[in-house]
Amino acid sequence: MSPPTALADDDDDRGPLAYNEETGEARDPIAFRDALIADPEKLAAIEADKELAAALLGDDTAKIQATLMRLFDLTKKREDRENTQMLNSPDLLRSGCTVPRDPTALYKQMRKVGLEYGPRFRLLTQVWIPEETARLQRAAAEERGDI
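The sequence shown begins at 1 in the UniProt record's numbering and counts up one residue at a time.
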């Protein structure tokens, strides 16, 4: 049984698809099951695996919870493995960082939080960040009125 990506798409922490972020258990297994059934995309992904469909779409809440916890554990292990691979490969890290960042602005930002580096210790000449990080930083700066 492999975790369908359709289950991982929802970040709702209060609705019917809410789950415990430490264990993967659904907060309300019946509401969780009903929400999966109501979503044609998620339902199709689940029904592609007969074992998964039997476990998640049945009435046995203990089986639903056990399956969700197992899927959560598999997904977490996969994400950890991908993150470890990314961190262990400078080339992979570099390929994900496509937006240049001004080192002067970076040192200025560090100074604001109490980290001061004199001119002799400012060794960064190029800083690159992922697009998503750049987008989030830009949105935060606009919200603060810095831009």
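We put the CB at the ideal spot given by N, CA and C, even for glycine. Everything numeric in this text was worked out from a predicted model, so none of it was measured.
Take the alpha-carbon of R94 and the one of R122: they are about 21 Å apart. The secondary-structure analysis by DSSP pairs Y19 across a beta bridge with A26. Secondary structure note for R81: its alpha helix (DSSP H) is the uninterrupted segment 61-88.
Judged by their CB atoms, K63 and A55 are nearer to each other than the 8 Å cut-off. Taken in chain order, the complete alpha helix (DSSP H) segments of 4 or more residues contained in the UniProt domain "Polyketide synthase dehydratase" (91-135) are 103-112.
When only Cα atoms are considered, D49 and N20 end up about 24 Å apart. Pairing Q85 with E25 gives a Cβ-Cβ distance that is not under 8 Å. Under the DSSP assignment, L56 falls in the alpha helix (DSSP H) whose first and last residues are 50-56. Taking every protein chain shown into account, the CB of R33 has 16 or more other CB atoms within 10 angstroms, so this residue is buried. Across the structure, C97 and E51 are spaced so that their CA atoms are roughly 40 Å apart.
Contact annotation, P90 with V127: C-beta distance approximately 15 Å; criterion of less than 8 Å not satisfied. By the neighbour-count definition (other C-beta atoms within 10 Å, threshold 16), L71 is a buried residue. Non-local beta-carbon contacts of T23 in its own chain, meaning distances under 8 Å to residues more than five positions away in sequence, involve M69, F72 in chain order.
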